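Using our numbering, read the sequence shown as starting at -2 and increasing by one per residue.
As structure tokens, the structure follows; a few thoughts come after it.
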Amino acid sequence: MPLKISSKFEPLANLESMLLFAVSFFAISVFFTKSGISVFGLLSTALLISWRFLPAYRQDIALPKDVFILTVLLFLNILISAHLSENQRWALSEVHKYRHVLIAGLLFSAPLRKEYRKAIVIVFFISAAFDSIVGMLQVADVLPKGYDRPHGCATHPILYAADLAFVCGASLVLLVVPNNIFSTKKAHILLAITALLTFTSILLSQSRGVWLALIPACIITLYLYDRKKTVFIAGIIAVLCALFFLVSPILRQRAVSIVTSAYTESEAGSTGNRIELWKGALIIFSGSPVFGTGYGDFEPDINGLIKEKKIKDISVTLYAHNIFLQALATRGIIGFAILIALFVAILRWGWHEIRKYESIGGYIIILSTLLTVIGGLTENNIEIHRFLAAYCFTLGALGPWRPGDVPDRRPVQSV
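Below, the structure written as structure tokens:
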């Protein structure tokens, strides 16, 4: 006799199906549409919150208390900083993007069926693979592009590469570290194709900061698992990079400029512009060391420093191109300390998942956070709507996986 879900759990089953739809489209939107991120992000949040109030909801896993508390403190600090801003209206309108942090926590602790969670992750990976192909077609001039380098469906090549890096790194970790999520031959083929496509597009994007974030983040994460395998993977990455640099003079020049740009570029260049912004951020911090100048005031303050001849005239002044200096300048030592403490807590959380549960999710948590921290040394990534969505989705969807998969918390069934 076929099994039927008890009527007591029908609301849970229906809501879980709706959540699968909403979160899957949120995953697709991360790579293809900012409007979709907003719409499906809000829908996913509403469904996840509603789910928690159903009698049948059973939470078997939760965020660590220190991560939760520091996340709340970060949000409050940003909110206070926005109120202190001279450009308060704009600053407050920007705060809403941090709702993605809420999605990460709710999705992480949600008792989704393991096949639903796996389906969501597959949608996320396939979306990244298609976005990678879009970038490759832009390189071949089959599709139009707004820059002299590919940017896929993103608004900028750096953002394009940064989002793909989460999937590229996660695919590699899932291939190397044994797990019960992607254990079949077909699954390994999917992961290998996704990793290769995303890595190729990241190289073709010429985004040096993402290169410098992705490779160390992958090597450090895999080193926590197995040193010998890490050396082997590092060798494969080195060979792939060498082949691309050998074939493409543009990529070769970009790679060399990582070392030479600091002393060969003027302030008109990308690196020179960043150096002036970093100097300016420290000057702004010295004027408002405790609470900072205000969340929305970095650009006018930098332009003021240019007029006062305290830094050189530069073309890009929107933000500091460094998440830590941005925090110091706009939110002061308090905001800086909270940000540092939060990243440390998240890394400790990932390490705890690995040590206590041998969790594949722990490796993904560490990888994603290293990508954000290292990439944040040259980009103000966590204040970018799409990047924050990609980071939070990766933590929420992949973070809970432990040996034996996420516990299969389906509704109780009756014959």
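Don't be surprised by glycine CBs; every beta carbon is placed ideally from N, CA and C.
All figures in this text were calculated on a predicted structure; none of them were measured in a lab.
Beta-carbon proximity check, residue i vs residue j, cutoff 9 Å
| i | j | result |
| --- | --- | --- |
| Gln85 | Gly293 | yes |
| Ile100 | Phe390 | yes |
| Ala116 | Leu17 | yes |
| Arg167 | Asp160 | Looking at the sequence shown, residue 167 is not Arg but Ala. Not a contact, by the Cβ cut-off of 9 Å. |
| Asn377 | Asn319 | yes |
| Tyr95 | Leu71 | yes |
| Gly277 | Asp310 | no |
| Pro397 | Ser106 | yes |
| Ser41 | Ala19 | yes |
| Gly289 | Leu81 | yes |
| Ile119 | Leu73 | no |
| Ser124 | Phe196 | no |
| Glu83 | Gly284 | no |
Cut-off 7 Å between Cβ atoms - residues of its own chain near residue i, not counting five sequence neighbours on either side
| i | result |
| --- | --- |
| Pro154 | Tyr144, Arg146, Pro147, His148, Ser202, Gln203, Ser204 |
| Leu194 | Ala126, Ser129, Ile130 |
| Ile351 | Leu221, Gly359, Tyr360 |
| Leu76 | Val92 |
| Ala192 | Cys165, Ser168, Leu169, Leu172 |
| Ala387 | Val27, Asp160, Phe163 |
| Leu315 | Glu296 |
| Ser245 | none |
| Asp63 | Ala342 |
| Lys307 | Ile280 |
C-alpha distance - residue i paired with residue j, whole-angstrom precision
| i | j | result |
| --- | --- | --- |
| Ala324 | Ser267 | 21 Å |
| Leu209 | Asn11 | 44 Å |
| Ala342 | Leu392 | 14 Å |
| Phe333 | Phe321 | 6 Å |
| Lys304 | Leu274 | 14 Å |
| Phe282 | Thr366 | 25 Å |
| Ile178 | Thr68 | 29 Å |
| Tyr157 | Ser254 | 20 Å |
| Val236 | Thr327 | 42 Å |
| Ala231 | Ser35 | 37 Å |
| Lys5 | Leu51 | Note on Lys5: pLDDT 47, under 50, position unreliable in the model; the coordinate value appears next. In a straight line, the C-alpha of Lys5 is about 10 Å away from that of Leu51. |
| His349 | Asn300 | 44 Å |
| His185 | Pro175 | 11 Å |
| Phe295 | Lys142 | 30 Å |
| Trp346 | Leu339 | 10 Å |
| Leu0 | Ala189 | Note that Leu0 scores 39 on pLDDT, short of 50, meaning its location in the model is unreliable; the coordinates nonetheless yield the value given after this. Spanning the two alpha carbons is a distance of roughly 37 Å. |
| Leu39 | Ala79 | 22 Å |
| Val228 | Ile362 | 21 Å |
| Arg251 | Asp138 | 20 Å |
| Lys183 | Leu395 | 19 Å |
Expected contact under 8 Å - CB spacing of residue i and residue j to nearest Å
| i | j | result |
| --- | --- | --- |
| Ile330 | Val287 | 6 Å |
| Phe121 | Leu368 | Not really, about 15 Å apart at Cβ, beyond 8 Å. |
| Leu364 | Thr218 | 4 Å |
| Leu200 | Phe241 | 5 Å |
| Gly132 | Ser198 | 4 Å |
| Gly372 | Val207 | 6 Å |
| Glu13 | Arg114 | That belief does not hold up - the Cβ atoms of Glu13 and Arg114 are roughly 11 Å apart, past 8 Å. |
Same chain, Cβ closer than 8 Å to residue i, five either side skipped, listed in chain order
| i | result |
| --- | --- |
| Gly102 | Leu60, Phe65, Thr68, Gly393 |
| Gly33 | Phe22, Phe23, Ile25, Ser26 |
| Arg249 | Phe242, Leu243 |
| Ala43 | none |
Cβ shell of residue i (< 6 Å), same chain only, five flanking positions each side left out
| i | result |
| --- | --- |
| Leu336 | Ala324 |
Check whether the region 366 to 385 touches the region 90 to 99, taking contact to mean three or more Cβ pairs, one atom from each stretch, closer than 8 Å. Proximity of the region 366 to 385 to the region 90 to 99 meets the contact definition, three or more beta-carbon pairs being nearer than 8 Å.
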